[in-house]
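In what follows, a structure is listed as structure tokens, so that the remarks can point back to it.
Chains as they are written, first to last, in the working numbering: chain P, 4 to 225; chain D, 4 to 225; chain L, 4 to 225; chain X, 4 to 225.
Here it is, written out as structure tokens:
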């Protein structure tokens, strides 16, 4: 994944069930190719393989379990993600929190397999802690930016800048994504200006009446 | 899914990562078609969509989470399974145990969506309890048949027959699969004779040097 | 525990932290003794031993883990509950849901040790399923009675009666407690009239300005 | 808790059920008083309150849940631990692993309440990550010292020293306990020499025929 990047988490929204998920993946691919920007998509777990075969932009998993291949019915190994054509994965998303020992296992296993890793975190202390497991990226959700109408452009700019600096202080190899408070191109531009190297968002694109328009607006900020 | 059925759980074995999983799915499909027997496959989570598009035999999910579509990153909804082309799912596999309220939710949601359900259980009491959530199938693993070299043909025949009878007593609509102690065609024949309407197995096929031979042997028991 | 019984779950309310929990336990004991009614208390986990030593009414645990004694730091075994002076336990409370195989393990282990068991359940199917694990009691929370101002006296009487009958049909040895919709003596009387053999409640007593008054009102319904 | 300290985790061993747990607590107290050494005990969850009332040495909880007081049946809040007389808690024990966001919550909540915290960790990366949540102590279990007959005295001394140094580098306020490889007084002495400020052990004392003798041997290393 190149930076700056726009990462779109499909979650498990009705809007991406079945063929609709493949369509949204192709919309993302078209814009990424035409506009020469990095868009990474994170489809539903059961669609990972089919979408990875359908597009040539990076496809990430929403999760990997901290287990080795074997007798692990219902789990998703990093090996399975790679085999299905995924090139990376979210880890420790707020809707799929993991134990710290498991984050460490998953990040290391992905590194061995050549999968990229975005570890999500909920505040400054956890972001710093997670950066020590050596992921490629930390996606931060500063509590001040969660919910409501606060965006990175309207918020105190120190919030994002301080988080970026704190993580870089602990582990300069880790890149930071802004995982909250991004809704349009201005927000993207501001997030990048404040030191983030990309953004992670979901409903703003997936639940949009016209995802293409939202995406075009978002990339205008790069 | 028609009965008698042979259900093959791919688990997360190295032997089914990526293209190898699609190959095994096609081997199963070929035999099912040529021999006119019911073979159901249960691929890795991230391969579900791509395999469902590759074969025309029933493809089941290894698991569904007891959640509605929405903000549930990393989870798998019944809606996603159906959208990806799955026609059913395992529920409460011994490697992915669920809470009873969640089993109840998942079975009912699948029924609404027209997905078939195989609830796995570990002993007689749990089998009977689970049968009251009205799944299509209960896959029983009588403790006496787990591990070692005991198979349904060498074991006390009462073990399977009693389980089948106990479940039928509680809920006659539920069909029973034999989820342990089945390795070859003789075991399949014995399981069916004792009242099971199919078998669920994994490593015996998936890790076999020649899965086709094992499958041909298994279906000889039908 | 004798029936009819009033079971008071202390949960983890601020109102029962430390000495305050012991005080509430003694209030319950005084009323139980003076009025000759069965009141069972369910204190915070860490207070179980000290409260069991302080009162002579039945003291239940809020939970037991489905594990054997041994290397299980942070867990609570049935053996520990018994050793601390507990005489029973809640199992599968809505705030501590358990896997069905674990409910089965916990109920059986408690039976072996002579501990009484109240398995909580959220609807008719789950209640019926849980009754097959042979607990002493099922505490039902009919969805129609959860939250709001609906009580067993104002609700359609069939709701509770049907649940009681359904459980008795499946397993006549199981007694039923009414776990929702009970706030005062009239509700207790109605619950008993409809076939319940006791009630389970929490905040109505624990968060009351004067728990003694609430308890006196409740027992007036017996 | 003063350092150097010997922390004894009672786990859920049969040897500490009921009165036997109180006896072991008193043995620890007697030695701590007579020999003027710091011994911290970590009894079973349900015995915390009663043991805290029985002895005057520090009593820690085996676990706290990352929840606020309220409707959390079966959970253990930091408030409950403090109310019961506990003065600290283990967090993230290998038998009770927690999510990183929850470790962060629990450590901060304990700090607010004046409870001491020992966060357990399984390797160097996780130890470093956890140290950023600002616990009082990290109890490290270097993989090289787990199981078998390897102790800190027979192992490569760099293993413990490197861990201590790495944690001190990240957060100099955090003290380190040696959580594996300690069986006797020589091991204690070696652990302290290598930079640890205490040891955490369990079965070596709890399952001993004569715990007093083992404890006397251990404190000879201080």
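We put the beta carbon where it would ideally sit given N, CA and C, even for glycine. Quick caveat: nothing in here was measured; it's all calculated off a predicted structure.
Taken through DSSP and simplified to helix, strand or coil, residue 62 of chain D comes out as strand.
Across the structure, residue 181 of chain L and residue 163 of chain L are spaced so that their CA atoms are roughly 8 angstroms apart. Listed in chain order, the non-local C-beta contacts of residue 51 of chain L below 8 angstroms within the same chain comprise 62, 64, 84, 87, 88, 89, local neighbours out to five positions each way being set aside.
In this structure the stretch 96 to 103 of chain P does not lie against the stretch 25 to 33 of chain D, because fewer than three pairs of beta carbons, one per stretch, are closer than 8 angstroms.
Taken through DSSP and simplified to helix, strand or coil, residue 178 of chain X comes out as strand. Under DSSP, residue 31 of chain P forms no beta bridge with any residue.
The beta carbons of residue 8 of chain L and residue 184 of chain L sit no closer together than 8 angstroms. Residue pairing by DSSP places residue 201 of chain P opposite P:8 in a beta bridge. Within the same chain, 41 come within 6 angstroms of residue 5 of chain L by CB-CB distance, once the 5 residues on both sides are set aside. For residue 43 of chain L, the secondary structure class from DSSP, reduced to helix, strand or coil, is strand. Among the residues facing chain D, residue 125 of chain P is not included, as its CB has no counterpart in that chain under 8 angstroms away. For residue 154 of chain D, no pairing in a beta bridge is given by DSSP. CA-CA distance, residue 159 of chain D to residue 136 of chain X, rounds to 57 angstroms.
Contact check for residue 91 of chain L against residue 121 of chain L passes: the beta carbons are separated by less than 8 angstroms.
The secondary-structure analysis by DSSP pairs residue 93 of chain D across a beta bridge with D:121.
Of the other Cβ atoms in all chains shown, fewer than 16 fall within 10 Å of the Cβ of residue 22 of chain L; this residue is therefore exposed.
Contact between residue 209 of chain X and residue 14 of chain X holds, since their C-beta atoms are separated by about 7 angstroms, short of 8 angstroms. Using a C-beta cut-off of 8 angstroms, the stretch 65 to 73 of chain L makes no contact with the stretch 101 to 116 of chain X, since fewer than three inter-stretch Cβ pairs fall below that distance. In this structure, DSSP gives residue 142 of chain D an extended state, which the three-state scheme calls strand. If you draw a straight line from the Cα of residue 20 of chain L to the Cα of residue 19 of chain D, it is about 53 angstroms long. Annotation: the continuous alpha helix (DSSP H) that includes residue 214 of chain P extends over 214 to 222. The beta carbon of residue 170 of chain P sits closer than 8 angstroms to the beta carbons of 130, 131, 134, 141, 143, 177, 179 from its chain, once the five residues preceding and following it are set aside; these are given in chain order.
Taking the beta carbon of residue 130 of chain P as reference, no residue of chain D falls within 9 angstroms; the closest one sits roughly 18 angstroms away. Burial of residue 224 of chain L is indicated by the presence of at least 16 other C-beta atoms within 10 angstroms of its C-beta. Neighbourhood of residue 133 of chain D in chain L, by CB distance below 7 angstroms: 103, 132, in chain order. In the three-state reduction of the DSSP assignment, residue 88 of chain L falls in the coil class, being assigned neither a helical nor a strand state. With its beta carbon at least 8 angstroms from every one in chain P, residue 114 of chain X lies outside the interface.
Spanning the alpha carbons of residue 10 of chain D and residue 69 of chain P requires a straight line of approximately 27 angstroms. If the five residues before and after residue 55 of chain L are omitted, its C-beta is found closer than 7 angstroms to the C-beta atoms of 62, 87, 88, 89, all from its own chain and listed in chain order.
Residues are counted here when their Cβ sits less than 9 angstroms from a Cβ of chain X; for the stretch 69 to 89 of chain L these are 70, 71, 72, 73, 74, 75, 76, 77, 78, 79, 80, 82, 83, 84, 85, 86, 87, 88, 89, given in chain order. Neighbourhood of residue 12 of chain X in chain L, by CB distance below 8 angstroms: 76, in chain order.
Residue pairing from DSSP places residue 73 of chain P in a beta bridge opposite D:15. Of the other Cβ atoms in all chains shown, fewer than 16 fall within 10 Å of the Cβ of residue 37 of chain D; this residue is therefore exposed.
Each of L:107, L:111, L:115, L:145 was checked against the Cα of residue 124 of chain L, and the nearest Cα belongs to L:145. A straight-line Cα-Cα distance of about 11 angstroms links residue 214 of chain P and residue 26 of chain P. By DSSP's assignment, residue 102 of chain P forms a beta bridge with X:102.
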